[in-house]
Amino acid sequence: MPLEKVAEGIPSLSSPTFNKEGVLHVCCTQSGAVYKVVDGLLQEVLNTHGQPASLCFDPNLGTLYVCDLVHQAILREEEEDQGSGQQPLLAEWVTEHEGRLLRGPAAMVFDSTGNVFFTDSGPMGDTTIANPKASVYYIACDASLLQPLALECLAHASGLALSPDGQVLYVCETMNNRILRFAQRPSGVWHMSVYFNFSGGLGPIACVCDNMGALYVARYDFRGSATEGIISIILPSGQLHAELAIPGSEVSGLCFDADFRYLYITEASVGVVYRYDLLE
């Protein structure tokens, strides 16, 4: 079977992410905990005492960033005393735009030069079709500039991913059940359009690009509404290439290993981390 369990036992897991050393991490939106996966076990690394929606590691420095809905902020790991034996400390990194508090960041991604893109939607139900107030932001690599790419106009913008060349940003707009595409031309100018529309389920909640530019999309639905979770594979041309099915409908996160052979998947309703072998 190409699908196997890597870890399980804690509900509400999301956002599988590898750190710079190649250790897989996940977070729990219910308890606030961030875990690392070691020999099939979930070991708590830290706790935000909030509601972490997703994790992201700086690919150059290895620093951990956490998008937290309760804190309405992106939190950043502070330098720790290696001999203290204490959990790492987190500090607020981004909390507002032009004097207005964020609703609650949902996901973020770094590009190859250190620039950051993130979505801000608040908890599920806060930004909806009837109240499309979610945003997508860009932060310059030196943190000197925070600017919106889409300001308070989306229905729960959630997961996001960059194309391999960094020229295209894909964003999951969950409540409109679609993927948006931000194309950069010229440099620094981003143009938004609809990339792919889905039907069925609640909507896309996480996405990741492989090294050839294909987009893997986690399509979320509430437990009880469906028995399987669907991951759709969309080619750069916008054509649906294939779909993968996993047990459990609350597919909450995706990531690749360094070699792009394995796709790691979190399912939140029962709390499982899966690994899908894409070569089998």
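Residue numbers (my numbering): 843 to 1122.
Beta carbons: idealized from backbone N, C-alpha and C, even for Gly.
Measure the beta-carbon distance from valine 1013 to threonine 961 and round it to whole angstroms, keeping in mind my assumption that it falls under 8 angstroms.
Start at 1 with the first residue of the sequence shown, and residue 1013 comes out as number 171. Start at 1 with the first residue of the sequence shown, and residue 961 comes out as number 119. With a Cβ gap of about 6 angstroms, valine 1013 and threonine 961 count as contacting.
Pairwise C-alpha distance: glutamate 934 and glycine 941
Indexing the sequence shown from 1 puts residue 941 at position 99. Indexing the sequence shown from 1 puts residue 934 at position 92. If you take the alpha carbons of glycine 941 and glutamate 934, they lie about 15 angstroms apart.
Could you pull the start and end residues of the beta strand (DSSP E) that arginine 945 belongs to?
Stepping through the sequence shown from its first residue, residue 945 is reached at position 103. Per DSSP, arginine 945 belongs to no beta strand (DSSP E) and is neither H nor E.
Could you tell me whether the stretch 1027 to 1037 touches the stretch 1083 to 1091, using the rule of 3 or more Cβ pairs below 8 angstroms?
no
Only counting the same chain, and skipping five residues up and downstream in sequence, which positions put a Cβ closer than 6 angstroms to that of glutamine 989?
The sequence position of residue 989 within the sequence shown is 147, counting from 1. Within the same chain, glutamine 989 has close Cβ partners Tyr980.
Reducing DSSP to helix, strand and coil, say where methionine 1017 ends up.
Within the sequence shown, numbered from 1, the residue matching residue 1017 stands at position 175. It is helical.
Would you mind working out which of Gly1045, Pro1028, Ser1029 sits nearest leucine 1022, comparing C-alpha positions?
Here residue 1022 refers to the residue found at position 180 when the sequence shown is read from its first residue. Taking only the C-alpha atoms, the option nearest leucine 1022 is Gly1045.
Per DSSP, the bridge partner or partners of tyrosine 1012
Within the sequence shown, residue 1012 is the residue found at index 170, counting from 1. BP columns for tyrosine 1012 point to Ala1003, Arg1023.
Just verifying my parser: in three-state terms, what is the DSSP assignment at aspartate 1063?
Within the sequence shown, residue 1063 is the residue found at index 221, counting from 1. Reduced to three states, the DSSP call for aspartate 1063 is coil.
Note down, in chain order, each residue of its chain lying with its Cβ closer than 6 angstroms to the Cβ of aspartate 1052, except the 5 sequence neighbours on either side.
What you label residue 1052 is simply residue 210 of the sequence shown in a count that begins at 1. Hits under 6 angstroms: Phe1102.
When the Cβ atoms of the stretch 945 to 962 are set against those of the stretch 997 to 1012, are three or more pairs found closer than 8 angstroms?
yes
Within 10 angstroms of its Cβ, does glycine 864 collect 16 or more other Cβ (buried), or is it exposed?
Taking the first residue of the sequence shown as 1, we reach residue 864 at position 22. It counts as exposed.
Checking contacts by CB at 8 angstroms: is valine 880 closer than that to chain C?
Checking the listed chains, one finds no chain C in this structure; it contains a single protein chain.
Just to confirm my understanding: we take arginine 1117, look at its own chain, exclude 5 residues before and 5 after, and list those with CB closer than 6 angstroms. What are they?
Here residue 1117 refers to the residue found at position 275 when the sequence shown is read from its first residue. Correct list, in chain order: Glu846, Val848, Tyr1104, Tyr1106.
State the Cα-Cα distance for the pair tyrosine 1062 and leucine 1096, rounded to the nearest angstrom.
For the purposes of this step, residue 1062 is identified with residue 220 of the sequence shown, where counting begins at 1. For the purposes of this step, residue 1096 is identified with residue 254 of the sequence shown, where counting begins at 1. Going from the Cα of tyrosine 1062 to the Cα of leucine 1096 covers about 12 angstroms.
With burial defined as no fewer than 16 other Cβ atoms inside 10 Å of the residue's Cβ, what is the status of serine 857: buried or exposed?
Taking the sequence shown and counting its residues from 1, the one referred to as residue 857 is at position 15. Per the 10 Å Cβ criterion, buried.
Measuring straight from C-alpha to C-alpha, what distance separates valine 1010 and glutamate 850?
As a first step, residue 1010 is located in the sequence shown; it is residue number 168 there, counting from the start. As a first step, residue 850 is located in the sequence shown; it is residue number 8 there, counting from the start. Between valine 1010 and glutamate 850, the C-alpha separation is close to 34 angstroms.
DSSP three-state call for alanine 1056: helix, strand or coil?
Looking up residue 1056 in the sequence shown gives position 214. Correct three-state label for alanine 1056: coil.
In whole angstroms, what separates the C-alpha of alanine 976 from that of arginine 945?
In the sequence shown, counting from the first residue as 1, residue 976 sits at position 134. In the sequence shown, counting from the first residue as 1, residue 945 sits at position 103. Straight-line Cα distance between these residues: approximately 8 angstroms.
Can you tell me which of Gly956, Ser1005, Gly1113 puts its alpha carbon nearest to the alpha carbon of glycine 1080?
What you label residue 1080 is simply residue 238 of the sequence shown in a count that begins at 1. Minimum Cα distance to glycine 1080 is reached at Ser1005.
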